[in-house]
Structures are given as structure tokens and as C-alpha cells.
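This note's numbering applies: residue 800 is where the sequence shown begins, and numbers increase by one.
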Amino acid sequence: MSDSPAPPVAVIGQHVCGAQSCDTAIPAESFLCEDHTKLLPAPLRCAVRDSYTPGQLPSANPYLRAAVDAVTHKEKRAAPRAGLRKAVQLTLFEM
């Protein structure tokens, strides 16, 4: 047996979230899962909802591309930073 998780099961009328790091199964009418949709600014959220057609790829729709980029940016900003350092000003006065 392998330790890797089982791939998501395909259900008719469903697909995975359009965010790069998400494997959540969602209805075919949606492009992003609810958690990732909440990360989008309201105008972009409305544009994605109004312009998305089921099965459409992000490369075919500029709003979908912008949504994927916005979610990726927010996830990177929320990730913890590696190795916190002291500010340079504080290290100048240490003996």
C-alpha cells in the first residue's frame, strides 16, 4: 500500500476547483470552491461568475486567469515566512 492519498473521484456534473493548489470537488457551474471564491475581490468574483461556462479553461477567459492569479497571490502572502530576522536597526546596537 502506498501512503499517497487516493485521487479525487470523478462525479458526473462535478470537477475540481480551478485554484492550483486545490483538489476540492465542486459543481460544474462553479470555477472555484467556496473557500477560494471568498478570496476574490467582489468585482472579480462577479465577473468570474457571469463569464464562466462549464468546462472552460482559464487560458480562454481573462477573468478566470485573473482569478487564479489573485488566489495564488493571496495564498503566497498568507504562507508563513521562513527564518524571521531582526530588523537591521536593532542589530546595529547589539554588543
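Using N, Cα and C, we set each Cβ at its ideal position, and we do this for glycine too.
All values derive from a computational prediction rather than experimental measurement.
Exposure label - residue i; buried when at least 16 CB within 10 Å
i    : result
C845 : exposed
L856 : exposed
G854 : exposed
A818 : buried
R876 : exposed
Residues near residue i by beta carbon distance below 8 Å, same chain, minus five either side
i    : result
P826 : G812 and Q813
P840 : A869
Terminal residues of the beta strand (DSSP E) in which residue i lies
i    : result
A824 : A824 to P826
Q813 : Q813 to V815
Sequence-distant residues of its chain with Cβ nearer than 6 Å to residue i (five each side left out)
i    : result
T838 : Strictly speaking, residue 838 in this sequence is Leu, with Thr absent from that position. Around L838: V870 and K873.
Contact under 8 Å by Cβ, residue i with residue j
i    : j    : result
A866 : L831 : yes
Y851 : L863 : yes
Sequence-distant residues of its chain with Cβ nearer than 7 Å to residue i (five each side left out)
i    : result
R880 : none
M800 : Annotation note: pLDDT 45 at M800 (below 50); position unreliable, coordinate value reported separately. Contacts found: none.
T836 : R844
Range of the contiguous alpha helix (DSSP H) that encloses residue i
i    : result
S858 : First-last for S858: undefined, no H or E at that position.
T836 : E833 to T836
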